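Residue numbers for the sequence shown follow my numbering, so the first one is 491 and each next one is one higher.
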Amino acid sequence: MANSTNRPPRITVNGEDAPISPAAPHTTVLDFLRERGLTGTKEGCAEGECGACSVLVARPGVNKPTDWVAVNACLVPVVALDGQEIVTSEGLATTGEPGARPALHPVQEEMAVRGGSQCGYCTPGFVCSMAAEYYRPDRCAHADPSSASDPAEHVDAEHGPNGFDLHALSGNLCRCTGYRPIRDAAFAVGAPTDDDPLARRREQVPPAPVATVYTQDDRAFVRKDTLAETLRLLRERPDAIVVAGSTDWGVEVNIRSRRADCVVAVDRLPELRELRVASDHVEVGAALTLTEIERRLDGRVPLLAELFPQFASRLIRNSATLGGNLGTGSPIGDTPPVLLALEASVVLADADGEREVPLAEYFTGYRQSVRRPGELIRAVRVPLPLARTTAFHKIAKRRFDDISSVAVAFALDIEDGTVRTARIGLGGVAATPIRALAAEAALEGEPWSAETVENAAQVLRAQGTPMDDHRASAAYRSAMLGQSLLKLYAKTTEAVSA
Ligand SMILES: Cc1cc2nc3c(=O)[nH]c(=O)nc-3n(C[C@H](O)[C@H](O)[C@H](O)COP(=O)(O)OP(=O)(O)OC[C@H]3O[C@@H](n4cnc5c(N)ncnc54)[C@H](O)[C@@H]3O)c2cc1C
Ligand code: FES
Ligand code: FES
């Protein structure tokens, strides 16, 4: 990491250098941009729900040195991007001679000609999310007419003939155009040309993370170079708020006006960003974003692969981390049920060293865990081999981009028609995520039959202590637990009879 602790923090916006001072340490990228006159970036909700604030950030790439990643500018403090490079909707159009009209970017052009914009409030956000997908290297292969791959192979309701994955727009809302013209625009974009500056930029590495100390009015934002330095700081400042992707913390700042005297960023620490596959486990760094994990695992852990598309939107997954999801200790976080079913453990680190805690022993009460002050989640370990029959059922009011009312993850090993092992993780039915131990016992050693499943579903309905709230009634939550097991059974027997 470069060190900026002796110089004022700055970022590059649309190719121009911009000092961050005098913004406050909690000032969001959105407010910073608008203050500079870049008012294309809009505020709709200020809580990550609408995508009107989407901008592109140059991040370490999965298939190329740099990926252009779309993020919610309303959630990220601008100082968290010290030394980084962003592009807004204004920066997508190409300016020619002074006074000449800028040439629209291909995604802007398609949105305009296909009627993808009416009032236009959501349009800059859509355009940025669409541009991130436009530049995704493995999409471009399908969009390039000279490519050997047959585009028809990949086309379905959510993927265009140009490889465009509509989930890229799952975090963007439009109130007046209707989504069909926007989808038409997305499915019409081609591959970037050779002289496209943002496509060429992907061939160079992104800016390295920069160590930052930014203090104003006794409030500080700090990013250290290494895990060891960060852990020493957390020992000195046990009151510090740790942030990674800021998708939870950003909502606290914007909606609940929370402020911290000291915020410590961990999202770029190399020690928290490794993904290792060993012979007996997969270790996933706590600060990898969910998008990075999804793309780098590429289906290797099928239960996680089933979870990712159901977790928030692509915009949120581009910033959200596993460490943040476990760090909140929320009983309705989506990764704990899955990780419980996978029998994962959490690697905790403090200035004295590391310890590994099974996730089943990690949560101790409502938003409480065994994690001590000054301790960080460094990684999550998933043991191998994996169970062969798995499923994740998220019951929520909307199919995508919603918080669970209840979530159930199954990992079963069924051999010769008998359930050898059963692991079931539940969210939304108790003060903490829990294992459904009684239902697991009702399955283990039994034939995988309608009768066993009916009995175990009955047991599963009685697990936890679900509550009535605005999302769902307790009775509904219990009913959904049993239904989930019946659904899994129906799926496995359908697969056999097909
Ligand atoms: C619009 C929207 C939709 C969402 N949808 C979902 C959803 O579908 N499912 C779901 O589960 N969640 C959802 N969330 C919540 C949020 O995105 C997740 O909890 C996410 O995983 C948080 O990760 P983060 O890196 O952004 O955390 P941050 O906001 O950076 O941090 C969250 C908390 O975790 C702690 N923390 C972060 N990293 C570490 C670490 N390495 N060690 C110890 N503590 C750490 C921080 O101190 C902080 O208290 C949603 C949020 C929004 C705004
Ligand atoms: S303003 Fe709605 S997601 Fe940022
Ligand atoms: S064009 Fe009006 S909100 Fe989308």
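C-beta: ideal position from N, C-alpha, C; glycine also. Here the structure is a predicted model, which means the values were calculated and not measured.
Would you say residue i and residue j are within 8 angstroms of each other, going by their C-beta atoms?
i    : j    : result
G813 : A734 : yes
F711 : P863 : no
R713 : P699 : yes
P956 : P827 : no
P760 : G918 : no
G573 : N504 : no
L546 : A622 : yes
L520 : A563 : yes
A536 : I745 : yes
V552 : R785 : yes
L780 : A810 : yes
H883 : K981 : no
L523 : Y625 : no
R878 : D903 : yes
D431 : S660 : Residue coverage of the chain in this structure runs from 491 to 988, which leaves residue 431 outside it and unanswerable.
G915 : R925 : yes
A678 : E600 : yes
A514 : Q706 : yes
D770 : L874 : yes
L971 : V896 : yes
G610 : I806 : no
Q953 : A928 : yes
S579 : P627 : no
D751 : R725 : no
Can you pull the DSSP bridge partners for residue i?
i    : result
D840 : G843
S859 : F853
P567 : T518
P848 : S835
I885 : V896
Y611 : Note: Y611 sits in no beta bridge, so no partner.
Y625 : DSSP output for Y625 lists no bridge partner at all.
R727 : According to DSSP, which records beta bridges pairwise, R727 is partnered with nothing at all.
D655 : H649
Q598 : Answer is none; Q598 lacks a bridge partner.
D903 : T911
Y966 : None, per the DSSP bridge assignment.
G813 : None, per the DSSP bridge assignment.
S544 : N562
H771 : P873
With a threshold of 6 angstroms on Cβ separation, who are the neighbours of residue i within its own chain once the five nearest residues in sequence on each side are excluded?
i    : result
N493 : Confidence is the limiting factor: at N493 the pLDDT is only 41, short of 50, which leaves the residue's position unreliable and the question unanswerable from this model.
C612 : A542, C664
R549 : D557, V559, P696
R540 : With the sequence shown as reference, residue 540 is identified as Cys, and Arg is not the correct amino acid for it. Once the five neighbours on either side are set aside, the close Cβ partners of C540 are G534, L663.
G789 : A795
G740 : L565
S736 : L565, V566
L656 : E648
S511 : P498
V753 : F711, I731, V733
L933 : V909, A912, A946
D840 : L721, G864, E865
Going along the chain, which residues of its own chain have a beta-carbon closer than 8 angstroms to the beta-carbon of residue i, five neighbours each way excluded?
i    : result
I783 : L765, V774, L794, F798, L812
R758 : M491, P699, R713, A777
E693 : K554, P555, T556
H595 : L582, A583, T584, V617, A621
T880 : P792, L793, E796, A831, A899, F900, A901, L902
Spatial neighbours of residue i within its chain, please: CB distance less than 7 angstroms, with the 5 preceding and 5 following residues excluded, ordered by chain position.
i    : result
D958 : A964
A969 : R951
K738 : Rather than Lys, the amino acid found at residue 738 in this sequence is Asp. So the list reads G814, T818, once near-sequence residues are dropped.
L975 : V943, A946, A947, L950
P509 : P498, R500
Three CB pairs or more closer than 8 angstroms across the region 848–860 and the region 800–808: Verdict: no, contact absent.
Check whether the region 595–608 and the region 672–690 are in contact - that is, three or more C-beta pairs closer than 8 angstroms. Judged by Cβ distances under 8 angstroms, the region 595–608 makes contact with the region 672–690, as three or more pairs qualify.
Which residues, in chain order, sit with a beta-carbon under 7 angstroms away from any heavy atom of ligand 3? Cβ-based neighbours of ligand 3 within the cut-off: S607, Q608, C609, G610, Y611, C612, T613, C664, R665, C666, T667.
Per the contact definition of three or more C-beta pairs closer than 8 angstroms, is the region 826–840 in contact with the region 859–874? Segments in contact, yes.
Residues with a Cβ closer than 6 angstroms to any heavy atom of ligand 2, in chain order? Here the residues come out as E533, G534, C535, A536, G538, E539, C540, G541, A542, C543, N562, C564.
Would you be able to state if there are at least three C-beta pairs under 8 angstroms between the region 651–660 and the region 520–535? Too few Cβ pairs lie closer than 8 angstroms, so no.
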